[in-house]
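Down below is the structure, laid out as structure tokens.
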Amino acid sequence: MRFKWAILFFVLTIATVLTGCEQMIVLDPKGPQAAVQARDIILSAGIMLFIVLVVFGMLIYMLVKYRASKQGDDYEPPHIEGSPLVEAIFIGIPIVIVAFLSVVSVQSNYKVEAPPEGYEAEPLVIYAASSNWKWHFSYPEEDIETLNYLYIPTDRPLEFKIYSFGTISSFWIPQLGGQKYGMADMVNTLHLAADVPGEYMGRNANFNGEGFAENTFNVKAMSQAEFDKWIEDVKNTAQPLTEEKFTELLEHGHLGQMTFTGTHLSFLPPPEGEHGGHNHGSSSTNNDHDDHDKDEEHHHH
Amino acid sequence: MEFFERFAIPHPSPAIYASMVAIGITVIAIIAGLTYFKKWGYLWREWLTTVDHKRIGIMYLISALLMLFRGGVDAIMMRAQLAVPENTVLDAQHYNEVFTTHGVVMIMFMAMPFIIALMNYVVPLQIGARDVAFPRLNALSFWLFFMGAMLFNISFVIGGSPDAGWTSYFPLAGTEFSKSVGTNYYMIALQIAGLGTLMTGINFIATILKMRAPGMTLMKMPMFTWSALITNVIIVFAFPVLTVALAMGTMDRLFATNFFTSDNGGMDMLWANLFWVWGHPEVYILILPAFGIYSEVISTFARRNLYGYKSMVWSMVIISLLSFTVWVHHFYTMGQGALVNSIFSITTMAIAVPTGVKIFNWLLTLWKGKIEVTTPMLYSLLFIPIFTIGGVTGVMLGMSAADYQYHNTMFLVAHFHLVIIPGVVFAMLAGLTFYWPKMFGFMLNEKIGKISAWIIAISTLVAFMPMFISGLDGQARRMYTYSESTGFTIWNMISFVGAIGLAIGFILIVYNIYYSIRYAPRNVGSDPWNARSLEWATPSPVPEYNFAIVPNVKSSQALWDAKKHGHELFKGKIEKIHMPNNSGVPFIMASIFFIWGFSFIFAMWIPLILSTIAIFACMAYQSFEKDDGRYISVEEVKETEEKLGGTKI
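In order, the protein sequences belong to chains R and A. In terms of numbering that gives the first Met the number 0, the first sequence has 139 at position 140, counting the first letter as 1, and numbering is strictly consecutive. In terms of numbering that gives the first Met the number 0, the second sequence has 452 at position 453, counting the first letter as 1, and numbering is strictly consecutive.
Structure representation (structure tokens):
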């Protein structure tokens, strides 16, 4: 029975995939948003595995029972048009499953789009901008900026404001939550939070040319006290970020990790607020000094 | 000097030089061979100017198989590059070009012509027609597709390949970030091929609606014809969007407009929307004819009528409608908020319902059947479990909150390959094996066929299942390399082994064709599979007029009724048959389109203007040409039928 072997092979393949789950970072969440997504993935994978097994079971049954070699020469298969009852079952059960998954999906959508609940602290706003092939992280309240690495406090909501200098990128820290696009003409908001201190991988997930593979950043989650101390250190040791310096950074391809005091938000405002709405008619990449003050107010409210 | 620099290869690599030499030698060999064997006249009269849907179908088929190997070589290069961490076989730029051309070639120049090949060959036969509604337009469709494909394929030796992914998202695909002419090739070659496809869509809708044999009402059409009808309706609605998007993209690149750029009011999201408003229905354009093939094959070799014919038809109609309502699931992460994502999440998962109906109908067609496992049936049986794995992971991807984690990862790559390979490629290989005796009058070797089917099926799983894991482990798609510390190595190595297996399977198919041409018996008759629909009621190989007498139909399995219930298919007597004349216009016009496209890509305005005028001249010539076709006399038909052992009068 070659078919039995084939089916065995399929089942083993699926089993291999499932046992591989343990180490996969998406299924090893370190924050509430990633936990919602991991739960959805496991739940839907479980239900789908049930469907796969039903289909496999039916296929094996049909092939074992109705092979030509198992039947007499005089057997004539009957003409069967279909049965409303059988077809109702095969339409009804998938509808129930899809309806259930839809409810789960909609609930999760609102969860991952909203600030995570259960935290007392105010959200920490971080602007994450990509350029070929770097990540610029601005902490407007702390008035510092980092390049290609990210320090975050644990147990506090994080509000990422994502945009891009150029191509579309996708900001992704798998263990804290799924990704969102950064584009040149609008700012996207992504709410994340980290519950566990540690070091996590962050990367651009959307292809953006030659340097894409190395378009990564390191994320380090630490307690609020340690985070505050780091801010203090940065303020004491780092160089200020000037407009000239930032323009120079944008021109380079890959660069290592860097730290600055001040942010690029003050002289190169992100495409949000009056600059947002897909940037109709005006160019936000121009250095517009008239809007400069308004934007500063906007970030410090 | 700057002008000539644009034609240079942007990155020299021994593989590209070797390909250039190989292309040169092949072209010289073909020209020399045709001249030596004095086949130029034969080639022109029998193939280049033909308007016969069967010959056009075969030319589509040959093109699709060639492109399968071109896209396959790209795939092997990618998997080889990723097999070990920090590999340097390809550099980043070369890898980007390879995955871009792999995607475009496989979707546009392999899968599309493959389904259109089978549609061309089978649909007129299945509905008892003499040809398609507009035979000359059909020839033009083919030659436009062919010239578009050839134009795209020369990109890697002249000027550089496109490198912005098969989706070519702007602004990356704009001149600011993709400076070479590569993306121009993408825009223009797809435009030319896409126009051909749109014409095919119109042609086949007219054919199926107007040219069915007497008695064949819509609900008595064989399932493959139904799938072809619905597919062509989707083509007619979807392809104009691609035409417009490509035209806008071309203007951005060549005339510095700002539809999709970062500044001056351009909107990169607009490209993503237009691309996927075409791109998502495109998926169903590919898969529905495949479903049609499976329906034919499974019911033939289960020796039973198709279970749930009506629900099969309705599920396809519903899939075609839903296919236009889900495009946003390709960019859940573009920031449209929870409400919009929720709506598209629900419509996306809803497609699983009609698709599931089809899977269960095929399973129930096996029920109480008398299942015979031939090569086409083996592909169909292997399709069911593998496609189910691909399909259910599609439902998982449809859940938008979870998609934030799958988006742009290898998980997605695994999903769509496990849908498209069993869905489209297996179906086309099943269809190729199934219809081979009808096309060429002999069977492909069953033993080699089955071995290759097994190798391809198992290799597909070996190649793509590991990607589910590496995707959930954070491997983004389109990364040309990774470090060992990521832990992706083992999974990519397994995928590479699977890719090698796939290559072996496809090479075996070519060997099978060679082997069968040499050794297969030639007396297989007109109905070697004991099949059920009309295409098997006419002699093999099929005479140019298809049917000496137009058949009379009472059900969706007309031939089966004739064989089992003694229905008389061919009533009346042979009369003279009206056929269209061959024409060189489609080939010449498409060749001018090639020059037009090449001039456009390199912004050579004078040849562009001249070729534009020449294209309009062709249209004018065609419009004023008085050609009412010709008649095949009764004696000639009788003689042919006698020679082929067809209808006895």
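Beta carbons: idealized from backbone N, C-alpha and C, even for Gly. Predicted model, so just to flag it, every value in this text is computed and none were measured.
### Bridge partners - residue 244 of chain R, DSSP secondary structure assignment
As a position in the first sequence, residue 244 of chain R is number 245, starting the count at 1. Residue 244 of chain R is not bridged to any residue.
#### Entry: For residue 259 of chain R, three-class secondary structure by DSSP
Taking the first sequence and counting its residues from 1, one reaches residue 259 of chain R at position 260. Note: residue 259 of chain R maps to strand in three-state DSSP.
### Query
Which residue's Cα is closest to the Cα of residue 271 of chain R: R:181, R:243, R:191?
Numbered from its first residue, the first sequence carries residue 271 of chain R at position 272. Answer by Cα proximity: R:181.
### Query
What alpha helix (DSSP H) runs, 4 residues minimum, are completely inside the segment 335–377 of chain A?
336–349, 351–365
### Cβ-based neighbour list, residue 163 of chain A, same chain, cut-off 7 Å, excluding 5 preceding and 5 following
Within the second sequence, numbered from 1, the residue matching residue 163 of chain A stands at position 164. Only 99, 171, 172, 177, 182 meet the Cβ criterion.
### Query
Applying the criterion that 16 or more other CB atoms from any shown protein chain within 10 Å of the CB defines a buried residue, is residue 21 of chain A buried or exposed?
What you label residue 21 of chain A is simply residue 22 of the second sequence in a count that begins at 1. Exposed is the call here.
### Query
Can you check whether the CB of residue 119 of chain A is closer than 9 Å to the CB of residue 55 of chain A?
Walking along the second sequence from the start, residue 55 of chain A turns up at place 56. Walking along the second sequence from the start, residue 119 of chain A turns up at place 120. In this structure, residue 119 of chain A lies closer than 9 Å to residue 55 of chain A by Cβ.
### Query
What does a CB cutoff of less than 7 Å around residue 449 of chain A pick up in its chain, not counting 5 residues either side in sequence?
For this step, residue 449 of chain A is matched to residue 450 along the second sequence. Within the same chain, residue 449 of chain A has close Cβ partners 374, 377.
### Query
With 9 Å set as the bound, which would you pick, yes or no: does the beta-carbon of residue 11 of chain A sit closer than that to a beta-carbon of chain R?
As a position in the second sequence, residue 11 of chain A is number 12, starting the count at 1. With 9 Å as the cut-off, residue 11 of chain A does not count as an interface residue toward chain R.
### Message
List, in chain order, every chain C residue whose beta-carbon is nearer than 7 Å to that of residue 391 of chain A.
### Response
No chain C appears in this structure, whose protein chains are R and A.
### Query
Over what stretch of residues does the beta strand (DSSP E) that includes residue 171 of chain R continue unbroken?
As a first step, residue 171 of chain R must be located in the first sequence, where it is residue number 172. Residue 171 of chain R -> beta strand (DSSP E) spans 168–172.
### Message
Which of the three DSSP states is assigned to residue 151 of chain A in this structure?
### Response
Taking the second sequence and counting its residues from 1, one reaches residue 151 of chain A at position 152. Helix at residue 151 of chain A.
### Query
Taking DSSP as the reference, what is the three-state secondary structure of residue 278 of chain R?
Reading the first sequence from its first residue, position 279 is the one you call residue 278 of chain R. Any reading at residue 278 of chain R must be qualified, since the residue scores a pLDDT of 45, below 50, and its modelled position is unreliable; the value itself is stated next. Looking at residue 278 of chain R - three-state DSSP - the assignment turns out to be helix.
### Task
Drop a sphere of 10 angstroms on the beta-carbon of residue 491 of chain A, count the other beta-carbons inside from all chains shown, and report buried for 16 or more, exposed for fewer.
Reading the second sequence from its first residue, position 492 is the one you call residue 491 of chain A. By the neighbour-count rule (16 or more Cβ atoms within 10 Å), residue 491 of chain A is buried.
### Presumed contact (8 Å Cβ cut-off) between residue 400 of chain A and residue 36 of chain R, rounded CB distance
The residue you call residue 400 of chain A lines up with position 401 of the second sequence. The residue you call residue 36 of chain R lines up with position 37 of the first sequence. At roughly 6 Å, the Cβ-Cβ gap stays under 8 Å, so residue 400 of chain A and residue 36 of chain R are in contact.
### Message
Within 10 Å of its beta-carbon, does residue 209 of chain R have 16 or more other beta-carbons around it, so buried, or fewer, so exposed?
### Response
Taking the first residue of the first sequence as position 1, residue 209 of chain R is located at position 210. So residue 209 of chain R ends up on the buried side.
### Query
Is there at least one Cβ from chain A nearer than 9 Å to residue 190 of chain R's Cβ?
Position 191 of the first sequence holds residue 190 of chain R. False, the Cβ-Cβ gap to chain A never drops below 9 Å.
### Query
How would you write the range of the alpha helix (DSSP H) that residue 596 of chain A sits in, first residue to last?
Locating residue 596 of chain A in the second sequence gives position 597, where the first residue counts as 1. Note, residue 596 of chain A: alpha helix (DSSP H), 584–600.
### Message
Check whether the segment 457–472 of chain A and the segment 398–415 of chain A are in contact - that is, three or more C-beta pairs closer than 8 Å.
### Response
yes
### Message
Short of 6 Å in beta carbon distance, which residues of its chain neighbour residue 555 of chain A, apart from the five on each side in sequence? Order them along the chain.
### Response
Position 556 of the second sequence, counted from the first residue, corresponds to residue 555 of chain A. Closer than 6 Å at Cβ, skipping near neighbours: 219, 221.
### Message
Please state the DSSP three-state secondary structure of residue 175 of chain A.
### Response
Looking up residue 175 of chain A in the second sequence gives position 176. Residue 175 of chain A falls in the coil class under three-state DSSP.
### Task
Taking C-beta pairs closer than 7 Å, name the residues in chain A that residue 66 of chain R reaches, listed in chain order.
By 1-based counting over the first sequence, the position of residue 66 of chain R is 67. Chain A residues near residue 66 of chain R: 370.
### Query
So residue 203 of chain R is in the alpha helix (DSSP H); what residue range does that whole segment cover?
To locate residue 203 of chain R, count along the first sequence from 1; it is residue 204. No alpha helix (DSSP H) contains residue 203 of chain R, which is instead part of the beta strand (DSSP E) from 197–203.
### Task
Check each candidate in R:188, R:147, R:132 and name the one with the smallest Cα separation from residue 157 of chain R.
What you label residue 157 of chain R is simply residue 158 of the first sequence in a count that begins at 1. Closest option to residue 157 of chain R, Cα to Cα, is R:188.
### Message
Spatial neighbours of residue 113 of chain A within its chain, please: C-beta separation below 6 Å, excluding the five flanking residues on both sides.
### Response
Against the second sequence, residue 113 of chain A aligns to sequence position 114. Within the same chain, residue 113 of chain A has close Cβ partners 63, 427.
### Task
Under 8 Å between beta-carbons, which chain R residues line up against residue 252 of chain A? List them in chain order, please.
Mapped onto the second sequence, residue 252 of chain A falls at position 253. Chain R residues near residue 252 of chain A: none, gap ~15 Å exceeds 8 Å.
### Task
Mind listing the chain R neighbours of residue 376 of chain A? Cutoff is C-beta to C-beta under 8 Å, in chain order.
The residue you call residue 376 of chain A lines up with position 377 of the second sequence. Residues of chain R passing the Cβ test: none, with the nearest at roughly 10 Å.
### Task
Could you check if residue 632 of chain A is buried or exposed, using at least 16 other CB atoms within 10 Å of its CB as the buried criterion?
Residue numbering aside, residue 632 of chain A sits at position 633 when the second sequence is read from its first letter. So residue 632 of chain A ends up on the exposed side.
### Query
Do you know how far the Cα of residue 394 of chain A is from the Cα of residue 283 of chain A?
Counting from 1 along the second sequence, the entry for residue 283 of chain A is found at position 284. Counting from 1 along the second sequence, the entry for residue 394 of chain A is found at position 395. Near 16 Å, if we compare the C-alpha coordinates of residue 394 of chain A and residue 283 of chain A.
### Task
Kindly list, in the order they appear in chain A, the residues whose Cβ is closer than 9 Å to that of residue 95 of chain R.
Position 96 of the first sequence, counted from the first residue, corresponds to residue 95 of chain R. Simply none; closest approach about 10 Å.
### Query
Is it buried or exposed for residue 357 of chain A, if we count other Cβ within 10 angstroms and need 16 for buried?
Locating residue 357 of chain A in the second sequence gives position 358, counting from the first residue. Residue 357 of chain A comes out buried.
### Task
Would you be able to state if there are at least three C-beta pairs under 8 Å between the segment 321–330 of chain A and the segment 268–282 of chain A?
yes
### Task
Report the residue from A:88, A:135, A:151 whose alpha carbon sits nearest the alpha carbon of residue 105 of chain A.
Numbered from 1 along the second sequence, position 106 holds the residue referred to as residue 105 of chain A. It is A:151.
### Task
Find the residues of chain A that neighbour residue 70 of chain R, judging by a C-beta separation of less than 7 Å, and give them in chain order.
Stepping through the first sequence from its first residue, residue 70 of chain R is reached at position 71. Result: 369.
### C-beta atoms of residue 321 of chain A and residue 353 of chain A nearer than 9 Å
Start at 1 with the first residue of the second sequence, and residue 321 of chain A comes out as number 322. Start at 1 with the first residue of the second sequence, and residue 353 of chain A comes out as number 354. It is a contact, given that the beta carbons lie within the stated cut-off.
### Task
Enumerate, from N- to C-terminal direction, the unbroken alpha helix (DSSP H) stretches of 4 or more residues contained entirely within the segment 243–297 of chain A.
none
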